[in-house]
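Reading through the structure tokens given below for one structure.
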Amino acid sequence: MQLSTKHLLGIRDLLAQDIQLILDTATQFKEVLQRPIKKVPSLRDVTIVNLFYENSTRTRISFELAEKRLSADTINFTASGSSVSKGETLLDTVNNILSMKVDMVVMRHSASGAPHFLAKHIPAIIVNAGDGINEHPTQALLDAFSIREKLGTLEGKKVAIIGDIMHSRVALSNIHLLQKMGAEVTVAGPPTLIPKYIRDAFNVRVEYNVKKALQWCDVANVLRIQLERQNQVLFSSLREYSLAFGINRKMLDDLDKEIFLMHPGPINRGVEIDSDVVDSKQSLVLQQVENGVAVRMAVLYLLAGQRETAE
Amino acid sequence: MVTILDSYQLDLTLRRLAHQLIENHYPFSETCFIGMQPRGLQVSDHIIGYIKKQYPDIQINYGKLDITFYRDDLRSALHVPTITDIPFSIEGKKIVLIDDVLYTGRTIRAAMDALIDFGRPAKVELVVLVDRKFNRQLPIQPDYAGKAIDSIVSQKVKVDWDGQPRVVLY
Numbered sequence: 064m065q066l067s068t069k070h071l072l073g074i075r076d077l078l079a080q081d082i083q084l085i086l087d088t089a090t091q092f093k094e095v096l097q098r099p100i101k102k103v104p105s106l107r108d109v110t111i112v113n114l115f116y117e118n119s120t121r122t123r124i125s126f127e128l129a130e131k132r133l134s135a136d137t138i139n140f141t142a143s144g145s146s147v148s149k150g151e152t153l154l155d156t157v158n159n160i161l162s163m164k165v166d167m168v169v170m171r172h173s174a175s176g177a178p179h180f181l182a183k184h185i186p187a188i189i190v191n192a193g194d195g196i197n198e199h200p201t202q203a204l205l206d207a208f209s210i211r212e213k214l215g216t217l218e219g220k221k222v223a224i225i226g227d228i229m230h231s232r233v234a235l236s237n238i239h240l241l242q243k244m245g246a247e248v249t250v251a252g253p254p255t256l257i258p259k260y261i262r263d264a265f266n267v268r269v270e271y272n273v274k275k276a277l278q279w280c281d282v283a284n285v286l287r288i289q290l291e292r293q294n295q296v297l298f299s300s301l302r303e304y305s306l307a308f309g310i311n312r313k314m315l316d317d318l319d320k321e322i323f324l325m326h327p328g329p330i331n332r333g334v335e336i337d338s339d340v341v342d343s344k345q346s347l348v349l350q351q352v353e354n355g356v357a358v359r360m361a362v363l364y365l366l367a368g369q370r371e372t373a374e
Numbered sequence: 286m287v288t289i290l291d292s293y294q295l296d297l298t299l300r301r302l303a304h305q306l307i308e309n310h311y312p313f314s315e316t317c318f319i320g321m322q323p324r325g326l327q328v329s330d331h332i333i334g335y336i337k338k339q340y341p342d343i344q345i346n347y348g349k350l351d352i353t354f355y356r357d358d359l360r361s362a363l364h365v366p367t368i369t370d371i372p373f374s375i376e377g378k379k380i381v382l383i384d385d386v387l388y389t390g391r392t393i394r395a396a397m398d399a400l401i402d403f404g405r406p407a408k409v410e411l412v413v414l415v416d417r418k419f420n421r422q423l424p425i426q427p428d429y430a431g432k433a434i435d436s437i438v439s440q441k442v443k444v445d446w447d448g449q450p451r452v453v454l455y
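Chains as they are written, first to last, in our numbering: chain V, 64 to 374; chain G, 286 to 455.
The following block contains the structure:
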């Protein structure tokens, strides 16, 4: 068994069996993380650079921890404070790093398609840690892992993705993944934040009423309002967004069932989701972060394992 | 294809191994048995089954160990991990590792590395059903062997549990 792909650029390129393999492998890594010594020597001959052209807390720490738990050597690169500010191009920067014998590149970039570009031009294995508004594959994998852990399977489950769908790479990766694994997807939010053709393009349900979306779903994945990616006014104020689309305790209490809530972080408490809801037992937010390390270990392990055969 | 152990001999051998372990480890309070994933588990299940039949009231520490993440051949072949389940502390205990075939010794090397990440055992012993002599790549020998055989590198040993269980060389 091995992955059908050499890089992890997006969920779009993965087969259902690849996703299954990653999630199953992650289950075993989660067990490793419960041991007294949470480290295995699998990747001790692998060097990984974490190339972050965009800010990140969870993803960067999670990747770095996953790499260390696998005994890989790691280098961290952040665009601020580097020669990028002197005008060095992405390709030059990466080629310079690779000439120091680096095997894998974990990269985040604000330009959609940046990892795909690199994959075409350099010999290292690329793992996409988020590119612009395109994909964030490891986030979708850890979301799926968390759902599977709670509900047993993804097949036939109903997942609502709520909020800023337009600017969200998490939403796109999640839609691809959930559909490949046989789950049903509804996207919900204000019409200005939902791409016009998404219903036809991805065969998802579209809902403009958040209460109806919550009533429909087993799990709601609530997205952050990404103010930094908005160059036009798509809703009048955060307060208005919160009143119409924010998730509060009462909405959940009004449902005739108990649903689970996820959020990829960072959370704008009181905007897309209320503080008491985030901290309730229905919220899987911290489990998602915990599972993130195991899922990223699985991705790195499986990709590193096919270095030789992939040539 | 040569049959090394037929169904009757295999059963006899497993019983003998169980009795040797009873002789050295009874009443098992300081001993932990660890079956090696994936194929060692069949052997360890049988041996533990016999011990439990003899002493139904005694608590036996029995776990499973997967060594995939500790292998030294990640570059040449990708292995998919299975479950590791060691629900007890191995600190200061006598560990009995159980596997089906001992060949190069590399799996056992990996197993010892993996075990040490769970704690510091007082002692580690090795039980194998089949010991392929003269093919070792590391200085590792079994403490209990069901059957020691001479074989060449191109041959394979298979423990077949389906239908009439037996051990074959081909």
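Built from N, CA and C at the ideal position, the CB exists for glycine as well.
Beyond the five residues adjoining it in sequence on each side, G/R394 comes within less than 6 Å, by CB distance, of L423 in the same chain, given in chain order.
What G/V365 touches in chain V, judged by beta-carbon distance under 8 Å, is M64, L84, D87, T88, going in chain order. In the structure shown, G/A430 falls within a strand segment according to DSSP collapsed to helix, strand and coil.
Only buried fits V/Y364, as 16 or more other CB atoms lie within 10 angstroms of its CB. Contact of G/I368 with chain V by beta-carbon distance below 8 Å involves Q91, E94. As the crow flies, the alpha-carbon of G/I434 is around 5 Å from that of G/R417. Within the segment 418-448 of chain G, contact with chain V at the beta-carbon level (separation under 8 Å) is assigned to no residue.
For V/T110, the enclosing beta strand (DSSP E) has its first and last residue at 110-115. Of all residues in the segment 346-361 of chain G, the ones placed with a Cβ closer than 8 Å to any Cβ belonging to chain V are D351, T353, F354, Y355, R356, L359, R360, S361, in chain order.
With a cutoff of 8 Å on beta-carbon distance, V/V285 and V/I322 are scored as not near each other. When only Cα atoms are considered, V/D206 and V/A307 end up about 25 Å apart. DSSP places G/G377 in the coil class of the three-state scheme, outside both helix and strand.
Membership of V/H172 in any alpha helix (DSSP H) is not indicated; the residue belongs instead to the beta strand (DSSP E) covering 167-172. The residue from G/V413, G/E376, G/D398 with its alpha-carbon nearest to that of G/D357 is G/D398. V/G368 reaches chain G at L359, R360, A362, L363, H364, counting residues in chain order whose Cβ is nearer than 9 Å. Judged by beta-carbon spacing, G/D428 lies within the 8 Å limit of G/V412, meaning their Cβ atoms are closer than that value.
A straight line joining the alpha-carbon of V/Q350 with that of V/M325 spans about 9 Å. Spanning the alpha carbons of G/V438 and G/F313 requires a straight line of approximately 37 Å.
If you draw a 10 Å sphere on the C-beta of V/Q97, you find fewer than 16 other C-beta atoms in it, and that means exposed.
Judged by pairs of C-beta atoms under 8 Å, the segment 240-254 of chain V touches the segment 264-272 of chain V, as three or more such pairs exist. Contact with chain G is found for V/I100, since one of that chain's Cβ atoms lies less than 8 Å from the residue's Cβ. For G/G377, no CB of chain V lies under 8 Å from its own CB, so it is not counted at the interface with that chain. With fewer than 16 other Cβ atoms from the protein chains shown falling within 10 Å of its own Cβ, G/F373 counts as exposed. Residue nearest to V/V282 within the set V/D155, V/R211, V/A79, V/V168 is V/R211 (criterion: CA-CA distance).
The CB of G/F403 comes closer than 8 Å to the CB of R98, P99, I100 in chain V, given here in chain order. With respect to the 8 Å criterion, V/K102 and V/A357 are not classified as neighbours on the basis of their beta carbons. For G/I352 and V/D108, the gap between their C-alpha atoms comes out near 17 Å. According to the DSSP assignment, V/N159 belongs to the alpha helix (DSSP H) that extends over 153-161. Scanning its chain for C-beta atoms nearer than 6 Å, with the 5 sequence neighbours on each side dropped, one finds around G/R324 the residues D385, in chain order.
In the DSSP assignment, V/N266 falls outside any beta strand (DSSP E) and carries neither an H nor an E. In the DSSP annotation of this structure, V/N237 is not part of any beta strand (DSSP E); the continuous alpha helix (DSSP H) holding it starts and ends at 232-243. By the beta-carbon neighbour count (other beta carbons within 10 angstroms, threshold 16), V/S299 is exposed.
If you check the CB distance, V/D194 and V/H172 come in under 8 Å. Close to G/D296, with beta-carbon spacing below 8 Å, lies no residue of chain V; the smallest spacing is near 33 Å.
Looking at V/R123, V/K274, V/L78, V/S146, the one whose alpha-carbon comes closest to that of V/D317 is V/K274. Per DSSP, V/I188 is one residue of the beta strand (DSSP E) stretching across 188-194.
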